[in-house]
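Using the UniProt record's numbering, you'd call the opening residue of the sequence shown number 1 and step up by one each time. Beta carbons: idealized from backbone N, C-alpha and C, even for Gly. All of these numbers come straight from a predicted model, not from anything done at the bench. Working notes, beginning with the structure itself.
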Amino acid sequence: MELVRQMHEQPFLAGATRVSTTIRIDDRRDKEGTMQGKVASVETKLITPGGTD
Numbered sequence: 001m002e003l004v005r006q007m008h009e010q011p012f013l014a015g016a017t018r019v020s021t022t023i024r025i026d027d028r029r030d031k032e033g034t035m036q037g038k039v040a041s042v043e044t045k046l047i048t049p050g051g052t053d
């Protein structure tokens, strides 16, 4: 979280007067996911609109 704080601070240091930072963490541990599987899923969706996993 320290890195997030540092990143959030940068626009202020550059002169911004308001900054909104949103952090989303999606941690799934009930099934194994690989980069190959993720790429294949995206490719399927690109080839077949509405395709599912």
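Going by DSSP, what residue range makes up the alpha helix (DSSP H) through M7? E2 to L13 is the span of the alpha helix (DSSP H), which, as asked, contains M7.
Anticipated Cβ contact below 8 Å, H8 with T21, distance rounded: Indeed they touch by this definition, with Cβ atoms about 4 Å apart.
Skipping 5 residues on each side, what residues in its chain have a beta carbon closer than 8 Å to that of V4? Taken in chain order, the residues that qualify are T21 and I23.
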